[in-house]
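Peer 1: Could you have a look at this structure, given as C-alpha cells, before my questions?
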Amino acid sequence: MTNKPRLPPRAPRKVWNFTPNLPLQLAPYWDWPLRPLASLLYLLRSWNPVGLRFLFLLGAVITWAFFTPDLSRAKIIAFDWIAEVWLRNFVILFSVAGGLHLLLWRWRSQGDESRYDMRPMMTNARAFTFNAQVWDNMLWSFVAMQFWTFWECVIWYAYANGHATMITFDSNPIWFVALIVIIPIWAGFYFYSHHRLLHVGPLYKHVHSWHHRNINTGPWSGLAMHPVESFILMTDTLLFLVVPAHPIHVIFLLFHHGVGAPTSHAGFESVKIGKLGGVEVGDFFHQLHHRFFDCNYGTFETPWDSWFGTFHDGTDAGNDLVKARRRKIWQTK
1 MTNKPRLPPR APRKVWNFTP NLPLQLAPYW DWPLRPLASL LYLLRSWNPV GLRFLFLLGA
61 VITWAFFTPD LSRAKIIAFD WIAEVWLRNF VILFSVAGGL HLLLWRWRSQ GDESRYDMRP
121 MMTNARAFTF NAQVWDNMLW SFVAMQFWTF WECVIWYAYA NGHATMITFD SNPIWFVALI
181 VIIPIWAGFY FYSHHRLLHV GPLYKHVHSW HHRNINTGPW SGLAMHPVES FILMTDTLLF
241 LVVPAHPIHV IFLLFHHGVG APTSHAGFES VKIGKLGGVE VGDFFHQLHH RFFDCNYGTF
301 ETPWDSWFGT FHDGTDAGND LVKARRRKIW QTK
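In the UniProt record's numbering, the protein residues as written are 1 to 333.
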C-alpha cells in the first residue's frame, strides 16, 4: 500500500476583485461621545460637487425647472400631464441604468477597473424571468418606474389642490436648505426600516427574495424587485403631505430611490472619466449585503447595523460576524 502524495493546501478563493479602503467606516453622526467636527467634515465631503448627492440635487433642480408639468395642470387627474411625468421618468431611468450598463458591462469602457465581483450577469438561469438576469432586471425596473411616477403624481396633485404645504426658498430659506441636508439621511433611515422588515419570514420569501436573486448586481438590478417592494420603496414620498417642502425636495427624494438604486447596484466603485478621475457610483456596503444577505441592511449614514450587530465592514472579521449570525439564526429555527 502506497501513501498518496499530500496535495498542497488550496489557496483561499479571492472574493472581490476590488474593494474600497477597508475596514468600512460608518458616518460619525451617531458616535458616542459625540464628534461634531468629524460629523461636519463627513457631511461636507458627502456634498462633493462630483458626488452623486450633489448630482441628484442638480438633477432635481433641472428636472423641476424644465421637465415637470406646471402644477396648475395637476388640479385634475388627466392623462396628458401624467404621461409627461411618466415619459420623463422613463428617459431618466433608461439613461442612468441603461447608460451605466452599456458603459460598464456591455462596452466594458474601463475593463475590470474598480469592479467588485468578477462574476458575469447570469444567463440561462431559471430563477430569472426570460432566464436572463439583465432582461429580468430591465422588466422589473420598468415596473418599479410606474410606482415612482404614481407617487410623484400624487404629490403634484396634492400641491395643486392645497392638500400639502408648498414653500419656496424666498418664503423659508432656512428650512428649504435644511430639508435638502435632511433628505439623504431620511432616505437612509426609511430604507433601513422597510428593508429590514422585508427580510422577515413571509415578506422575504414571497417579496424580497425576488431582489436577492441578484447575488452579483448590475445597474438594472437596483430596481429589479417584486411590485409590492417597488410600491413600498417610494411610499415615503407621502412625507410631503405633512412636511412643508418644495417640489425640488420631492424630486430629490425620489431620485435617491429611483436613480440611487441603479447607481448603488452598478457593481463598480466608480465610473472612470478620462484622466480626470471618476464619479463614485457603487456602494460596497450594499454589495456586501447582496453577497452575504444577513448584514448591512441600512446605509453608511444609518446607525442600526452597528447598534444591532449586523455591520459587515468588508474584512475577514465581518465574514466571521455573518457566519456567527447565521448559526444563531438556524439554531432558533
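Beta carbons are placed, not taken as given, at the ideal position from N, Cα and C, and that holds for glycine.
Since the model is a prediction, treat every value here as computed from it, not as a measurement.
Whose C-beta lies closer than 8 Å to the C-beta of Met118 among residues of the same chain, with five residues either side of it excluded?
Peer 2: The residue you call residue 118 lines up with position 118 of the sequence shown. Once the five neighbours on either side are set aside, the close Cβ partners of Met118 are Asn17, Asp112.
Peer 1: Find the nearest neighbour of Ala127 within the set His208, His257, Arg213, Glu152, judged by alpha-carbon distance.
Peer 2: Reading the sequence shown from its first residue, position 127 is the one you call residue 127. Among His208, His257, Arg213, Glu152, the Cα nearest to that of Ala127 belongs to Arg213.
Peer 1: For the alpha helix (DSSP H) that Val181 lies in, which residues bound it at each end?
Peer 2: Taking the sequence shown and counting its residues from 1, one reaches residue 181 at position 181. Residues 173-198.
Peer 1: With distance defined between alpha-carbon atoms, name the residue in Val271, Leu254, Glu269, Thr299 nearest to Ala60.
Peer 2: Taking the sequence shown and counting its residues from 1, the one referred to as residue 60 is at position 60. The option with the nearest alpha carbon to Ala60 is Leu254.
Peer 1: My parser needs the alpha helix (DSSP H) runs of 4 or more residues fully inside the UniProt domain "Fatty acid hydroxylase" (181-310); what are they?
Peer 2: Counting only runs of 4 or more, we get 201-206, 227-233, 247-258, 260-264, 284-292, 304-307.
Peer 1: Is the Cβ-Cβ distance between Ile215 and His290 less than 9 Å?
Peer 2: As a first step, residue 215 is located in the sequence shown; it is residue number 215 there, counting from the start. As a first step, residue 290 is located in the sequence shown; it is residue number 290 there, counting from the start. Contact: yes.
Peer 1: Within its chain, find whatever has a CB closer than 6 Å to the CB of Arg196; leave out the 5 residues flanking it on each side and keep chain order.
Peer 2: One-based indexing of the sequence shown puts residue 196 at position 196. Taken in chain order, the residues that qualify are Tyr297.
Peer 1: Report yes if the CB atom of Arg326 is closer than 9 Å to the CB atom of Gly309, and no otherwise.
Peer 2: As a first step, residue 326 must be located in the sequence shown, where it is residue number 326. As a first step, residue 309 must be located in the sequence shown, where it is residue number 309. Cβ atoms of Arg326 and Gly309: not closer than 9 Å.
Peer 1: Can you confirm whether Ala144, when its beta carbon is compared against all beta carbons of chain D, has any partner nearer than 9 Å?
Peer 2: No chain D is part of this structure, which consists of one protein chain only.
Peer 1: Can you say whether Asn161 is buried or exposed, counting buried as having 16 or more other CB atoms within 10 angstroms of its CB?
Peer 2: Within the sequence shown, residue 161 is the residue found at index 161, counting from 1. That one is exposed.
Peer 1: Based on the DSSP secondary-structure assignment, which residues constitute the bridge partners of Thr19?
Peer 2: Position 19 of the sequence shown, counting from 1, holds the residue named residue 19. None, per the DSSP bridge assignment.
Peer 1: Just the C-alpha distance for Met145 and Ala266, rounded to the nearest angstrom, thanks.
Peer 2: Within the sequence shown, the letter at position 145 stands for residue 145. Within the sequence shown, the letter at position 266 stands for residue 266. Near 18 Å, if we compare the C-alpha coordinates of Ala266 and Met145.
Peer 1: Given a threshold of 16 other Cβ atoms within 10 Å of its Cβ, counted over all protein chains shown, does Asp31 qualify as buried or as exposed?
Peer 2: Locating residue 31 in the sequence shown gives position 31, where the first residue counts as 1. Answer is exposed; the Cβ neighbour count stays below 16.
Peer 1: Could you please give the first and the last residue of the uninterrupted alpha helix (DSSP H) stretch that includes Phe67?
Peer 2: Looking up residue 67 in the sequence shown gives position 67. Note, Phe67: premise wrong, no alpha helix (DSSP H); not H, not E.
Peer 1: What does the alpha-carbon distance come out to for the pair Arg329 and Leu87?
Peer 2: For the purposes of this step, residue 329 is taken as the residue at position 329 of the sequence shown. For the purposes of this step, residue 87 is taken as the residue at position 87 of the sequence shown. In the sequence as presented, Arg is not what sits at residue 329; that position holds Ile. The straight-line gap from Cα to Cα measures roughly 45 Å.
Peer 1: Measure the beta-carbon distance from Thr263 to Gly188 and round it to whole angstroms, keeping in mind my assumption that it falls under 8 Å.
Peer 2: If you number the sequence shown from 1, residue 263 lands on position 263. If you number the sequence shown from 1, residue 188 lands on position 188. Their Cβ separation, rounded to whole angstroms, is 15 Å, which puts Thr263 and Gly188 out of contact at 8 Å.
Peer 1: Throw me the rounded Cβ distance for the Trp148 and Leu71 pair, which I believe falls under 8 Å.
Peer 2: As a working note, residue 148 is residue 148 in the sequence shown. As a working note, residue 71 is residue 71 in the sequence shown. Actually they are not in contact, since the Cβ atoms of Trp148 and Leu71 sit about 18 Å apart, beyond 8 Å.
Peer 1: Assess contact between the region 197-212 and the region 62-76, defined as three or more Cβ pairs (one per stretch) separated by less than 8 Å. Is contact present?
Peer 2: No, the region 197-212 is not in contact with the region 62-76.
Peer 1: Quick one: what does DSSP say Phe132 is sitting in, helix, strand or coil?
Peer 2: Working through the sequence shown from its first residue, we reach residue 132 at position 132. Reading off the sequence, residue 132 comes out as Ala, not Phe. It is a strand residue.
Peer 1: So for Thr123, helix, strand or coil by DSSP?
Peer 2: By one-based count along the sequence shown, residue 123 stands at place 123. Thr123: strand per DSSP, three-state reduction.
Peer 1: Leaving out five residues before and five after Thr237 in sequence, what residues of the same chain have Cβ atoms less than 8 Å from its Cβ?
Peer 2: Taking the sequence shown and counting its residues from 1, the one referred to as residue 237 is at position 237. If we look at Thr237 and ignore the five residues flanking it on each side, its Cβ neighbours are Trp151, Glu152, Val154, Ile155, Val250, Leu253, Leu254.
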